[in-house]
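Read top to bottom, the protein sequences are chains A and B.
The first sequence begins at 1 in the numbering used here and counts up by one.
The second sequence begins at 332 in the numbering used here and counts up by one.
One structure below.
2 protein chains.
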Amino acid sequence: MAARTDRSGEFDLIARYFKPLAAGRDGAFGLTDDAALLGVSDGADRIVTTDALVEGIHFRPDDPPDRVARKALRVNLSDLAAMGAAPEVYTLALRIPDERDDDWVAALARGLAADQARYGVTLIGGDTVGGGADGDSGPAMLSVTAIGRLARSPALRRGGAAPGDDVWVSGTIGDGGLGLRVCKGEAAGLDAAQRRFAIDRYQLPEPRVELGPALVGTATACLDVSDGLVADLGHLARESGLAAEILLADVPWSDAAAAADYPETERIAAGDDYELAFTAPPDRRDAVREASRTTETPVSRIGTMRPSSGVRVLDRNGRPLAVPRTGWRHR
Amino acid sequence: MAARTDRSGEFDLIARYFKPLAAGRDGAFGLTDDAALLGVSDGADRIVTTDALVEGIHFRPDDPPDRVARKALRVNLSDLAAMGAAPEVYTLALRIPDERDDDWVAALARGLAADQARYGVTLIGGDTVGGGADGDSGPAMLSVTAIGRLARSPALRRGGAAPGDDVWVSGTIGDGGLGLRVCKGEAAGLDAAQRRFAIDRYQLPEPRVELGPALVGTATACLDVSDGLVADLGHLARESGLAAEILLADVPWSDAAAAADYPETERIAAGDDYELAFTAPPDRRDAVREASRTTETPVSRIGTMRPSSGVRVLDRNGRPLAVPRTGWRHR
């Protein structure tokens, strides 16, 4: 693990907070070396993804740091799941603004430790950098690179859907956006439990690390919902050379989203859900439901892939609805 | 490749500047998917490293952006080399400050393209993030994760040196620090060619990507010189449970370093050389020289590993010298 920084006590920082996260994995070498070893004697291909969270863009300065760290890891695990891979190891490049103290770093590490246990993934390296340009503190940044094992090939891709394939989505849609509204004090009509649920969904998304691998061989296309259901289905449709047509009445909502003053068309435009959206042929519905059952991950069938392009959202009468197309803002 | 950002035209940015860097590698999927595939059917273990460069810490705001990008990649390739692995693929998380325009991004990509050709490495994914906390632009940051192939096992480590092993170093020492002095206008006594040489060594270090793999099976310990020769030999000595003793008169200097008003004891404390420092038994000197010859990488024998701990620098009369121990600052 590198220590190229102006921050005093860099080695102490790594030793105290990050070395414990690398314990128990041979190839991490206790973060003492220039790099880590990824043994591949199991012969499984690997999936690699990098996603960064920047303070002020992807999280709010007053978000709890343990949750920020967990979200940084989880959005990467979600990308692995979308390709059908199970979490294995990760690296972290962490920029620590001058005004953040060791307690903040300790909280980040505590969050990572919790999620390492939850998802069976281990830190194998990284970099911590303090300071910044002279007199310019700037935002915190956590860049995670996660590597996962692809137990079966081929990997799930965004392209690959065929006309007539069903469109599916895991879990419920719009809760990330609802949680952000609650954080901003903009969501009326929720009780305390619903508010907590929504904040958890925004700050601690649950990557579908079991469903993704279980869909390999069944799903024809897959991605995770980070930019919003409509925007992400647009990516899937484009890469598949098709259109995605969904029925708004079939999109699954949480009780909290349903109770809130939160229009359905805004729920499907809000991001940060980290559910999986995927397609499969109608004759594989039983296989999809079996994957859902064995991984204890709810799934809903919400539409159909069609020739042409784009995303169409239909109301109960089969009429296309106008959907907000403004880009999702994560905070 | 993810696009979670406030910066308008994010998809355009990726399509225009980064997709071309992923061309020609199947598993990169043209950066269209959530993650990349790393096929391991060759059975070679992989080495993984993450290092970030932050504006104001590791590079100067007016450094040419193509060189900043190349350095970000090269410091990671140097870590791979230190473990004995050859470059294969990398990901990039890029934070773009608001005040940087598309030309800046284009120059970054141009630099990466040049080094991809030079080192046989391909971009397979990443993330670009613009903006920052409200009203807080903050520094640019480039976090690279590089993955390399370990053609032969075991990987080179920092620990593993034995008492009596020779201490070797590749290339010349102190040039990175000299280049930084030139950039700051602090280096007197150099002609134009020497000044250019020194700046190149600071801005465009040459990772020893061929020597590192060639040393597997010969070197007993190895790392790259980023924090300064003395500091890094201190890491090697500590992980090996030994002391490193070097003869200052045997440390190799460039003509530029020798010509400059630049004390030898400061050259061995300056970082950013990205040479390899390694140990090998005296009966493997021919093997070290053969690795040097076949990879066309100069090496010098500069000392011996001893029992006890720490780093001792001896003058021509065998007397220990005082060496500045202040931490190396990269800019």
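Where is the CB? At the ideal position from N, CA and C, for every residue including glycine.
Of all residues in the segment 411-426 of chain B, those with a C-beta nearer than 8 Å to a C-beta of chain A are Leu411, Ala413, Met414, Ala416, Val420, Thr422, Leu423, Ala424, Arg426, reading in chain order. Taking 9 Å as the CB threshold, leucine 511/B stays off the interface with chain A. The three-state reading of DSSP puts leucine 53/A in strand, counting E and B together.
For threonine 596/B, the enclosing alpha helix (DSSP H) has its first and last residue at 595-598.
Cβ neighbours of leucine 13/A within its own chain (closer than 8 Å, five residues either side excluded): Arg7, Asp102, Val105, Thr128. In this chain, the alpha helix (DSSP H) harbouring valine 182/A covers 175-183. A direct Cα-to-Cα measurement between cysteine 183/A and alanine 440/B gives close to 37 Å. Where phenylalanine 609/B is concerned, there is no enclosing alpha helix (DSSP H), although the beta strand (DSSP E) around it starts and stops at 607-611. The segment 486-506 of chain B and the segment 580-588 of chain B touch, with three or more beta-carbon pairs separated by less than 8 Å.
The C-beta of threonine 628/B comes no closer than 9 Å to any C-beta of chain A. For valine 121/A, the nearest beta carbon of chain B is not closer than 9 Å to its own beta carbon.
Selection Ala260/A, Gly111/A, Thr218/A, Asp255/A evaluated against arginine 285/A yields Thr218/A as nearest (Cα-Cα). Residue pairing of isoleucine 577/B in beta bridges, as defined by DSSP: Gly634/B, Val644/B. Only those residues of the segment 44-55 of chain A whose C-beta falls short of 7 Å from the nearest C-beta of chain B are listed: Asp45, Arg46, Ile47, Val48, Thr49, Thr50, Asp51, Ala52, Val54, Glu55. In this structure, DSSP gives threonine 503/B a state outside helix and strand, which the three-state scheme calls coil. Within the segment 231-242 of chain A, the residues whose Cβ lies closer than 7 Å to any Cβ of chain B are, in chain order, Glu239. With respect to the C-alpha of aspartate 646/B, the residue from Gly442/B, Asp382/B, Leu578/B having the closest C-alpha is Leu578/B. In the three-state reduction of the DSSP assignment, arginine 426/B falls in the strand class. From the beta-carbon of isoleucine 455/B, the residues of chain A found nearer than 8 Å are Val48. The secondary-structure analysis by DSSP pairs methionine 472/B across a beta bridge with Val385/B, Arg426/B.
When secondary structure is reduced to three states using DSSP, threonine 626/B falls in the helix class. Flagged as an interface residue toward chain A: leucine 481/B, by a C-beta distance shorter than 9 Å. Fewer than three Cβ pairs drawn from the segment 647-655 of chain B and the segment 516-531 of chain B lie within less than 8 Å of each other, which leaves the two stretches out of contact.
Its chain contains Asp506, Gly507, Gly510 as the residues whose beta carbon lies nearer than 6 Å to that of arginine 532/B, once the 5 sequence neighbours on both sides are disregarded; these appear in chain order. Excluding the 5 residues flanking it on each side, glycine 491/B has same chain C-beta neighbours closer than 7 Å at Thr551, Ala552, Ser571, in chain order.
In this structure, aspartate 273/A sits near leucine 229/A, with a CB-CB distance shorter than 9 Å. At a C-beta separation below 9 Å, arginine 306/A has no neighbours in chain B, since its nearest C-beta there lies roughly 21 Å away. Taking each of Val540/B, Met636/B, Ala523/B in turn and checking the Cα distance to glycine 451/B, the smallest one comes out for Val540/B. Interface residue (Cβ-Cβ distance to chain B less than 9 Å): leucine 223/A is classified as such. For alanine 35/A, the neighbours in chain B by C-beta distance under 9 Å run, in chain order, Ile378, Val379, Thr380, Thr381, Asn407, Asp410, Leu411, Ala413, Met414, Ala416, Ala477, Gly479, Ala486.
For a cut-off of 8 Å, the C-beta gap from alanine 107/A to proline 65/A is around 4 Å, short enough to register as a contact.
Checking the DSSP bridge columns, you'll see arginine 377/B partnered with Leu38/A, Arg480/B. The beta-carbon of leucine 369/B is placed less than 9 Å from the nearest beta-carbon of chain A. Alanine 260/A sits close to arginine 181/A, with the two beta carbons spaced by under 9 Å.
Under the three-state reduction of DSSP, glutamate 419/B is assigned to strand. At a cut-off of 9 Å between beta-carbon atoms, threonine 363/B makes contact with chain A.
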